[in-house]
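A quick write-up on the structure given underneath.
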Amino acid sequence: MKTISFRAWDKKEQVMLYGVDSAYDMLSGWVKYENGESAGYDADCFGEFIHNKRYVTEQYINLHDKNKKKIYEGDVLWDQTDHLKLIVVFNESCAEFDLQEMEQPKRLWGFCHGGPGSELLEVIGNIHELERKKVFKE
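Here it is in structure tokens:
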């Protein structure tokens, strides 16, 4: 059965929030940080996460990496076979999630069309954390 789940990057607080699709008020405790602690957030329901410019909402793609960690849109993956860093992106022209090479952004790999299987990949971060680290280095 397909699991539909979302997370959101909070641009103001610079943290990832999980379970935002279950949010229905600001006090429910459904939204969590990655470590499982209840998160503070500024949205009354899931729709507000989607429409509020403070948040970048990303979907779980229904696959796990080699360590059984859920893979989400926006994750940075390490391909241990080809030694590549890949970003999970939504390809609107095909309505599917693809892998984009970090070094060659125009090159896309489909999970089902010649790309590596998720069991060969490892989640090593997400694009928001990488951007934040880049800003702090400069």
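Residue 134 is where the sequence shown starts when you use our numbering, and the numbers rise one by one after that. Every residue gets a Cβ at the ideal spot worked out from N, C-alpha and C, and that includes glycine.
Note on Glu170: under 16 other CB atoms within 10 angstroms of its CB, so exposed under the neighbour-count rule.
Inside the region 163-242, DSSP marks whole alpha helix (DSSP H) runs of 4 or more residues at positions 179-184, from first to last along the chain.
The DSSP-derived three-state label of Ile137 is coil. Note on Gly152: 16 or more other CB atoms within 10 angstroms of its CB, so buried under the neighbour-count rule. Closest in alpha carbon position to Arg140, among Asn224, Asn259, Trp242, is Asn259. Here the alpha carbon of Gln213 sits roughly 22 angstroms from the alpha carbon of Tyr193. Per DSSP, reduced to three states, the secondary structure at Glu255 is strand.
As the crow flies, the alpha-carbon of Met149 is around 15 angstroms from that of Lys202. In summary, Ile220 is buried, with 16 or more beta-carbon neighbours lying within 10 Å of its beta-carbon over all protein chains present. With contacts defined by Cβ atoms closer than 7 angstroms, Glu191 and Glu206 form a contacting pair. As DSSP reads the structure, Asp154 sits in no beta bridge. Burial is judged here by how many other beta carbons sit within 10 angstroms of a residue's own beta carbon; Tyr157 has fewer than 16 and is exposed. A buried status is given to Ile204, since no fewer than 16 other beta-carbon atoms sit within 10 Å of its beta-carbon.
Looking only at Asn200, His216, Phe179, Leu210, the smallest Cα-Cα distance to Asp154 is reached by Phe179.
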